[in-house]
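Q:
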Amino acid sequence: MSTQDNNTVGIHTIAMDMGRLFMNDLYSDVVFLVEDQRLPAHRLVLAARCKYFRAMLYGDMAESKKHEIQLEVPLEAFKP
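According to full-length UniProt numbering, the stretch in the sequence shown is residues 1 to 80, in order.
The following block contains the structure:
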């Protein structure tokens, strides 16, 4: 198997592993309260993928110190 094939397999495996974390309490370190739902999440993953969450979770915002964060957004915004 070539190095390129190994890289492709590795990337696919990482994507699958990350997918298993989606909406999963296991290892989550923050919970978003949206409408009537509790949505577990992972700060590091959100910060890596989105400037908004990077600022919220690792910046000077009050939310950076909270475990549960209320958001006034439609629940659909969190669904794939």
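A virtual CB, placed ideally from N, CA and C, is assigned to each residue, including glycine.
Quick caveat, the model's predicted, so the values are computed rather than measured.
Is it right to say residue 32 is buried, meaning 16 or more other beta carbons lie within 10 angstroms of its own, or is it exposed?
A: The residue labelled residue 32 in the question sits at position 32 within the sequence shown. Residue 32 should be labelled buried.
Q: Under the rule that 16 or more other beta-carbon atoms within 10 Å means buried, what is residue 22, buried or exposed?
A: Counting from 1 along the sequence shown, the entry for residue 22 is found at position 22. Result: exposed.
Q: Could you check if residue 66 is buried or exposed, using at least 16 other CB atoms within 10 Å of its CB as the buried criterion?
A: In the sequence shown, the residue the question calls residue 66 occupies position 66. Exposed, since its Cβ has fewer than 16 Cβ neighbours within 10 Å.
Q: Which class does residue 45 belong to by DSSP, given the choice of helix, strand or coil?
A: Sequence index remark: in the sequence shown, residue 45 carries index 45 (1-based). Of the three classes helix, strand and coil, the one that applies to residue 45 here is helix, per DSSP.
Q: Where do the ends of the alpha helix (DSSP H) carrying residue 53 lie?
A: For the purposes of this step, residue 53 is taken as residue 53 along the sequence shown, with counting starting at 1. Taken as a continuous stretch (DSSP letters only), the alpha helix (DSSP H) holding residue 53 covers 51-58.
Q: Taking 8 Å as the threshold (C-beta atoms), are residue 42 and residue 29 in contact?
A: Taking the first residue of the sequence shown as 1, we reach residue 29 at position 29. Taking the first residue of the sequence shown as 1, we reach residue 42 at position 42. It is a contact, given that the beta carbons lie within the stated cut-off.
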